[in-house]
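Enquirer:
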Amino acid sequence: MKGKPFVIGLIIGVIIIVGAVTLAMMLTINGMKKEQQKDEQSHLPIESIQVTTASQTIV
Numbered sequence: 032m033k034g035k036p037f038v039i040g041l042i043i044g045v046i047i048i049v050g051a052v053t054l055a056m057m058l059t060i061n062g063m064k065k066e067q068q069k070d071e072q073s074h075l076p077i078e079s080i081q082v083t084t085a086s087q088t089i090v
C-alpha cells in the first residue's frame, strides 16, 4: 500500500510531461507554419515578376 501513491504520482507526472511536450511541439509546428507562410507570401511577388518577364520575352 505504501508504494501505490508513488506509482499514481509517477503516472500523473508522466502524463503531465507528455502533455507539455506535445503542447510545445504543436506550438513550435504552428510557429514554423506561420513563418513558412510569411516566407511564401514574401516570395510570391518575386515569382510573379519572374513569370511576367518570362512571358514578355516569349512574346
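Heads up, the sequence shown is in my numbering, so the first residue is 32 and it goes up one at a time.
Note that CB positions come from ideal geometry on N, CA and C, so glycine has one too.
Owing to the predicted nature of the structure, the values given are computational and were not obtained by experimental measurement.
For residue 60, which residues in the same chain have their Cβ closer than 7 Å to its Cβ, ignoring the five residues on either side in sequence?
Expert: For the purposes of this step, residue 60 is identified with residue 29 of the sequence shown, where counting begins at 1. Contacts found: none.
Enquirer: Please report the distance separating the alpha-carbon of residue 58 from that of residue 48.
Expert: Working through the sequence shown from its first residue, we reach residue 58 at position 27. Working through the sequence shown from its first residue, we reach residue 48 at position 17. Going from the Cα of residue 58 to the Cα of residue 48 covers about 15 Å.
Enquirer: Kindly indicate which three-state DSSP category residue 33 falls into: helix, strand or coil?
Expert: Residue 33 sits at position 2 when you count from the first residue of the sequence shown. The answer is coil: DSSP assigns residue 33 none of H, G, I, E or B.
Enquirer: Measuring straight from C-alpha to C-alpha, what distance separates residue 91 and residue 63?
Expert: The chain is shown from 32 up to 90; residue 91 falls before or after that span and cannot be answered.
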